[in-house]
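Numbering (my numbering), first residue to last: 15 to 158.
Laid out in structure tokens, this is it:
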């Protein structure tokens, strides 16, 4: 972990090695619950973001819910403007939506993440969010 101390209400967890190939930068994963709706705390070091990806599902499943709990980050759906996320922000990502999320360039970011249960729920990882695209975002997450 970086020298920077990051205060948050949920555990940081372990380095997110299982999904490292789908992230630029270092992320951490702390599973909080299991069962039909597993919930995890995902923490991103400054500048870390995940690749574009799509959650799939049928029968009402596959929507992703992101609840920002600490720091400052970004969410962006394909073809839409980026959305600044700060503690208390909530985003519903409908099943089938190509999107990415991650920290701002200069702050840590943490969110709770879960996917609604249903039929054929899966995750499709796609291309990285390039440094060129990411570099056009405001560093502090404001005024996107």
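Note that beta-carbon positions come from the ideal geometry of N, C-alpha and C, so glycine has one too.
Bear in mind that the values here come from a model prediction, so they are computed numbers and not experimental data.
Taking Cβ to Cβ, would you say residue i is nearer than 8 Å to residue j?
i: residue 60; j: residue 144; result: no
i: residue 134; j: residue 74; result: no
i: residue 113; j: residue 82; result: no
i: residue 116; j: residue 88; result: yes
i: residue 41; j: residue 58; result: yes
i: residue 78; j: residue 119; result: no
Evaluate residue i with the Cβ neighbour count: other Cβ atoms within 10 Å of its Cβ, from every protein chain shown; 16 or more gives buried, anything less gives exposed.
i: residue 31; result: exposed
i: residue 25; result: exposed
i: residue 54; result: buried
i: residue 102; result: exposed
i: residue 95; result: exposed
i: residue 51; result: exposed
On the DSSP bridge list, what partners appear for residue i?
i: residue 57; result: 42 and 124
i: residue 87; result: 99 and 117
i: residue 37; result: 64
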